[in-house]
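Data first, discussion second: the structure below is written as structure tokens.
2 protein chains.
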Amino acid sequence: MEFFKVLKKHKHSKARLGLIKTAHGNIHTPAFLPVATKAAIKSLSPEEIKKIGFEAILSNTYHLYLQPGSKIIKKLGDLHKFMNWPGPIITDSGGFQVFSLGFGLKDKVGKILNKNIQEEQVGQQAKLARIDQAGVTFTSHLDGSHHRFTPESSIKIQEDLGADIIFVFDECTSPLANYDYTQKSMERTHQWAQRCLKAKKRNKQALFGIVQGGLFKDLRQASAKFIGDLPFDGFGIGGSFGKGEMKKALDWVIPYLPSNKPRHLLGIGYLDDIKEAVKRGIDLFDCVQPTRLARHGTFLTAQGKFSILKSVYQTDKKPISKNCSCDTCQNFNRAYLHHLFKTKEILGARLATFHNLWFISRFMEKIRRDIKEDKNIG
Amino acid sequence: MEFFKVLKKHKHSKARLGLIKTAHGNIHTPAFLPVATKAAIKSLSPEEIKKIGFEAILSNTYHLYLQPGSKIIKKLGDLHKFMNWPGPIITDSGGFQVFSLGFGLKDKVGKILNKNIQEEQVGQQAKLARIDQAGVTFTSHLDGSHHRFTPESSIKIQEDLGADIIFVFDECTSPLANYDYTQKSMERTHQWAQRCLKAKKRNKQALFGIVQGGLFKDLRQASAKFIGDLPFDGFGIGGSFGKGEMKKALDWVIPYLPSNKPRHLLGIGYLDDIKEAVKRGIDLFDCVQPTRLARHGTFLTAQGKFSILKSVYQTDKKPISKNCSCDTCQNFNRAYLHHLFKTKEILGARLATFHNLWFISRFMEKIRRDIKEDKNIG
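Heads up: the sequence lines are chains A and B, in that order.
Just so we're aligned: 196 in our numbering is position 196 of the first sequence, and the numbers increase by one with no gaps anywhere.
To convert, take the position in the second sequence, counting from 1, and add 1000; that gives our numbering.
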């Protein structure tokens, strides 16, 4: 069974139609994966996720390691059985969360503890996540308990979770880090990538490497070359960057990645970014944005996003989007959704989540059609 | 069209099978109505409520009057259209909520302001709900704004909401009130009942009277006689009482209510209470208990209720109830539900609500079957 196959190349860009085959089913790419952070797509059932049109989901190793614990999930079978999602699952490695959440400092990446920094400069952060060559010691954002992730333990945890595609443990470097730190961090990520390859025992899982290198062209290229040459089944592109920077980074990186393996742009989910990334040869996306916006009453539509909480919607009999065929738009109007959010009814978050995921699922469908028909993408 | 028909009487008790016909469909009685307090059954869609087997729901006039406002619902059609529930709807009159919530004093009934009480005894309560012969002036639990309900305004609001069955505006007397106060309150409720009958303009809505009288036999009987003689389409039995007291009150009241009209025991939903009340001739029930318990992780089963939060369920592969055919029990095990509640995932509340309502829907089905087959009830 071939893991990945490029089915068709787009005439006007580097976009491609692809097919990923896993033991739990296929993923037609380019694909967006909704995020089941803690083994649940917020408010929705697995059946609904399937109905919306998603073939695969992504779940977070860091969160599942802390709650309920990867050993408990292993005891119960695996993540598929645990949450009753029979389709393909990707788990990230926990690297990003260890850095961004472990700190507990307002979810900001970019505050990674550099051991070279003097202790007095570091202050409280030193207590929350400490990186060394062997791994990361961090503090749980839930109860302050201490934990340690290494490349080897991250792979073990992901093997216990049993996803179809797993990721190497990397250091997600801050976009604010200077050249020297970014280079050192990248070299550590490269060493960790090799250790992950060695640590991996299960054959049923595909392992993806991660390209880092921050916002520096030569580092990004060096990272893509190094990681791209290792025998991974696919590649993630990590880091955090602004819009223009993302496009630049992809332009630097993609030429060095083998064209016969899938590429996942980690954590990116804005519609414009997805289009630009697909054109540059990205196959997989994941992002909490559509579901997070939904829980705050913000709906995605072809005309842009809008907040249903505005008083102008109080007596609006129209659906969120008149061309949308999702259950929410077919059954409820803006006035009712406005009311549900005003009164903090759980049903509001649920109906909004369904709509936003439906919207992005149709968006990806259209992108795949555009590639197939050699039209302009998006 | 006959509004209510007794289809069969039970051989061993006063229970009966009945059929209520409304413009929005039929209700087979004895029936339990899930409560859509603010025009939504917490976390569930109308489609699911139907799938669970409910033919009718109950919604709260007080809450809808405050949010979004009955005039807004009227502008949007009616409550059916607003929340997309095509089946029968009952609205209560707002009387109970004005007293229990208006006070804002920990949801306790039993603290009704008696104008005869000296101002210094009353303290802060005077600011929150003040009863006079014409109606009640109360303070919103949401924003502290002032409002006034009268029998006439309650009927007008319920006409704007457009439910199929509406209730008279009554004073829900505290079980702690003395004989004198309970009598005066009951007499006021009787006057208000007559005023409601006069105020009602729409023919499509059935109007139910409410029997009060607290825990006093002669008052309960007098109230049942008085209200039972008025040309209502059905009757609610109001008040708040302990278990033994509920049975006694029903025994006192039911003989005075016309047997060809439906009887609704307001706000009661414990399984044992439902059985006892059905045996005494009650046809309709509503209660927030099954849905409220669900949101706190408590599941109803034939073996009693239990909290999924207990650590013993962390690795339990069994469904909530092995004989339950609900979507929750068919698809998810206790370990996963435990995890969802531990991590405060919305999906947990939703799956628990579905199960608890499914359970009570099957419970009512069994009661109707028992009456049909002249078996012991429950």
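Think of the CB as a built atom: it goes at the ideal place given N, C-alpha and C, for glycine as much as any other residue.
Predicted, not measured: the structure shown is a model, and the values here were computed from it.
Interface partners of F1208 (chain B) on chain A, CB under 8 Å: Your numbering for residue 1208 (chain B) matches position 208 in the second sequence. Going along chain A, no residue has its Cβ under 8 Å from F1208 (chain B), so there is no contact; the nearest lies around 26 Å.
Proximity below 7 Å, CB of G1214 (chain B) to CB of T1182 (chain B): Working through the second sequence from its first residue, we reach residue 1214 (chain B) at position 214. Working through the second sequence from its first residue, we reach residue 1182 (chain B) at position 182. Pairing G1214 (chain B) with T1182 (chain B) gives a Cβ-Cβ distance under 7 Å.
Nearest-angstrom Cα separation, counted from P1088 (chain B) out to E1055 (chain B): The count along the second sequence starts at 1 and reaches residue 1055 (chain B) at position 55. The count along the second sequence starts at 1 and reaches residue 1088 (chain B) at position 88. Answer to the nearest angstrom: the Cα atoms are 7 Å apart.
Q124 (chain A), buried or exposed, once every other Cβ within 10 Å from all chains shown has been counted against 16: Within the first sequence, residue 124 (chain A) is the residue found at index 124, counting from 1. Bear in mind that the predicted position of Q124 (chain A) carries a pLDDT of just 40, short of 50, making it unreliable; the figure below should be weighed with that in mind. The residue is exposed, with fewer than 16 neighbouring Cβ atoms inside 10 Å.
Of the listed residues A:I346, A:L265, A:N260 and A:V288, nearest to R1295 (chain B) (C-alpha basis): The residue labelled residue 1295 (chain B) in the question sits at position 295 within the second sequence. Here the closest residue by C-alpha is A:I346.
7 Å Cβ cutoff met for T1091 (chain B) and H1063 (chain B): Sequence index remark: in the second sequence, residue 1091 (chain B) carries index 91 (1-based). Sequence index remark: in the second sequence, residue 1063 (chain B) carries index 63 (1-based). Against a cut-off of 7 Å, the Cβ pair of H1063 (chain B) and T1091 (chain B) comes out as no contact.
Amino acids of chain A, ordered along the chain, whose beta-carbon sits closer than 8 Å to that of I1072 (chain B): The residue you call residue 1072 (chain B) lines up with position 72 of the second sequence. Within 8 Å Cβ-Cβ: Q314, T315 and A335.
Entirely enclosed alpha helix (DSSP H) segments - the segment 186 to 266 of chain A, minimum 4 residues: Scanning the segment 186 to 266 of chain A for uninterrupted alpha helix (DSSP H) segments of 4 residues or longer gives 217 to 229 and 243 to 253, listed from N- to C-terminal end.
Below-7 Å beta-carbon distance, Q212 (chain A) vs any chain B residue: Residue mapping note: residue 212 (chain A) aligns to position 212 of the first sequence, counting from 1. Judged by the 7 Å Cβ criterion, Q212 (chain A) is not in contact with chain B.
From B:R1350, B:A1277, B:C1329 and B:L1266, residue whose alpha carbon lies closest to that of I1166 (chain B): Along the second sequence, one-based indexing puts residue 1166 (chain B) at 166. The shortest Cα separation from I1166 (chain B) among B:R1350, B:A1277, B:C1329 and B:L1266 belongs to B:L1266.
Beta-carbon neighbours of Q289 (chain A), restricted to chain B and to distances below 9 Å: By one-based count along the first sequence, residue 289 (chain A) stands at place 289. Residues of chain B passing the Cβ test: none, with the nearest at roughly 17 Å.
Within chain B, the residues that T91 (chain A) reaches when beta carbons sit closer than 9 Å: For the purposes of this step, residue 91 (chain A) is taken as residue 91 along the first sequence, with counting starting at 1. By Cβ distance, chain B contributes nothing, its closest Cβ being about 16 Å from T91 (chain A), past 9 Å.
Minimum Cβ-Cβ distance from S43 (chain A) to chain B less than 7 Å: Start at 1 with the first residue of the first sequence, and residue 43 (chain A) comes out as number 43. Yes, because at least one Cβ of chain B sits closer than 7 Å to the Cβ of S43 (chain A).
Interface positions of the segment 339 to 355 of chain A facing chain B (Cβ-Cβ less than 7 Å), listed along the chain: Within the segment 339 to 355 of chain A, those residues whose Cβ lies closer than 7 Å to any Cβ of chain B are, in chain order, H339, L340, K342, T343, E345, I346, L347, A349 and R350.
Chain B contact for L58 (chain A) (CB, 7 Å cutoff): Here residue 58 (chain A) refers to the residue found at position 58 when the first sequence is read from its first residue. Not an interface residue.
CB contact below 7 Å: P1030 (chain B) versus chain A: The residue you call residue 1030 (chain B) lines up with position 30 of the second sequence. No, no contact with chain A.
T1139 (chain B) beta carbon less than 7 Å from that of R1130 (chain B): The residue you call residue 1130 (chain B) lines up with position 130 of the second sequence. The residue you call residue 1139 (chain B) lines up with position 139 of the second sequence. Contact flag unset, no.
Cβ neighbour criterion (16 or more within 10 Å) applied to P1086 (chain B): Here residue 1086 (chain B) refers to the residue found at position 86 of the second sequence. Residue environment: P1086 (chain B) is assigned as exposed (fewer than 16 neighbouring CB atoms within 10 Å of its CB, all protein chains considered).
is_contact[P1068 (chain B), chain A] using C-beta, thresh 7 Å: Counting from 1 along the second sequence, the entry for residue 1068 (chain B) is found at position 68. P1068 (chain B) has a beta carbon lying within less than 7 Å of a beta carbon in chain A.
For I1117 (chain B), the three-state DSSP class (helix, strand or coil): In the second sequence, counting from the first residue as 1, residue 1117 (chain B) sits at position 117. With a pLDDT of only 40 at I1117 (chain B), under 50, the local geometry of the prediction cannot be trusted, and the value read off the model is given with reservation. The answer is coil: DSSP assigns I1117 (chain B) none of H, G, I, E or B.
contact_flag[the segment 161 to 175 of chain A, the segment 204 to 220 of chain A] where n(CB pairs < 8 Å) is 3 or more: yes
Where the alpha helix (DSSP H) through A335 (chain A) begins and ends: As a first step, residue 335 (chain A) must be located in the first sequence, where it is residue number 335. Looking at the DSSP string, the run of the alpha helix (DSSP H) that includes A335 (chain A) is R334 to K342.
Alpha carbon of A352 (chain A) to alpha carbon of G304 (chain A), nearest angstrom: The residue you call residue 352 (chain A) lines up with position 352 of the first sequence. The residue you call residue 304 (chain A) lines up with position 304 of the first sequence. Straight-line Cα distance between these residues: approximately 15 Å.
Residue interval of the beta strand (DSSP E) (run including N1026 (chain B)): As a first step, residue 1026 (chain B) is located in the second sequence; it is residue number 26 there, counting from the start. Residues G1025 to T1029.
N- and C-terminal bounds of the alpha helix (DSSP H) containing R350 (chain A): Your numbering for residue 350 (chain A) matches position 350 in the first sequence. Segment I346 to K372, the alpha helix (DSSP H) holding R350 (chain A).
Expected contact under 8 Å - CB spacing of I360 (chain A) and L337 (chain A) to nearest Å: Here the question's residue 360 (chain A) lines up with position 360 in the first sequence. Here the question's residue 337 (chain A) lines up with position 337 in the first sequence. No, I360 (chain A) and L337 (chain A) are not in contact; Cβ-Cβ is about 18 Å, not under 8 Å.
Proximity of V1253 (chain B) and I1237 (chain B) at Cβ, strictly below 7 Å: Taking the second sequence and counting its residues from 1, the one referred to as residue 1253 (chain B) is at position 253. Taking the second sequence and counting its residues from 1, the one referred to as residue 1237 (chain B) is at position 237. Yes; because the gap between Cβ atoms is below 7 Å, this pair is in contact.
Outcome for K1366 (chain B) when other beta-carbon atoms lying within 10 angstroms are tallied against a minimum of 16: Indexing the second sequence from 1 puts residue 1366 (chain B) at position 366. Per the 10 Å Cβ criterion, exposed.
Cα-Cα separation between P1034 (chain B) and W358 (chain A), rounded to whole angstroms: Position 34 of the second sequence, counting from 1, holds the residue named residue 1034 (chain B). Position 358 of the first sequence, counting from 1, holds the residue named residue 358 (chain A). Distance between the alpha carbons of P1034 (chain B) and W358 (chain A) is about 29 Å.
Proximal residues to Q1205 (chain B) (C-beta, below 6 Å), its chain only, five neighbours per side dropped: As a working note, residue 1205 (chain B) is residue 205 in the second sequence. Once the five neighbours on either side are set aside, the close Cβ partners of Q1205 (chain B) are I1166.
CB contact below 7 Å: K1075 (chain B) versus chain A: For the purposes of this step, residue 1075 (chain B) is identified with residue 75 of the second sequence, where counting begins at 1. It does: the Cβ of K1075 (chain B) has a partner Cβ on chain A nearer than 7 Å.
Inter-residue spacing [alpha-carbon to alpha-carbon] between I1377 (chain B) and A1015 (chain B): Indexing the second sequence from 1 puts residue 1377 (chain B) at position 377. Indexing the second sequence from 1 puts residue 1015 (chain B) at position 15. Roughly 9 Å between the two C-alpha positions.
Per-residue DSSP class, three states only, for K1318 (chain B): Residue 1318 (chain B) sits at position 318 when you count from the first residue of the second sequence. Here K1318 (chain B) sits in coil by DSSP.
Counterpart residues of T298 (chain A) in DSSP-defined beta bridges: For the purposes of this step, residue 298 (chain A) is taken as residue 298 along the first sequence, with counting starting at 1. DSSP lists A:S307 as partners of T298 (chain A).
Cutoff 7 Å: A36 (chain A) Cβ touching any chain B Cβ: Taking the first sequence and counting its residues from 1, the one referred to as residue 36 (chain A) is at position 36. For A36 (chain A), the answer is no, since every Cβ of chain B falls outside 7 Å of its Cβ.
Pairwise C-alpha distance: G297 (chain A) and R307 (chain A): Translated into the one-based positions of the first sequence, residue 307 (chain A) becomes position 307. Translated into the one-based positions of the first sequence, residue 297 (chain A) becomes position 297. Here the sequence assigns Ser to residue 307 (chain A), which means Arg is not the residue at that position. Distance between the alpha carbons of S307 (chain A) and G297 (chain A) is about 6 Å.
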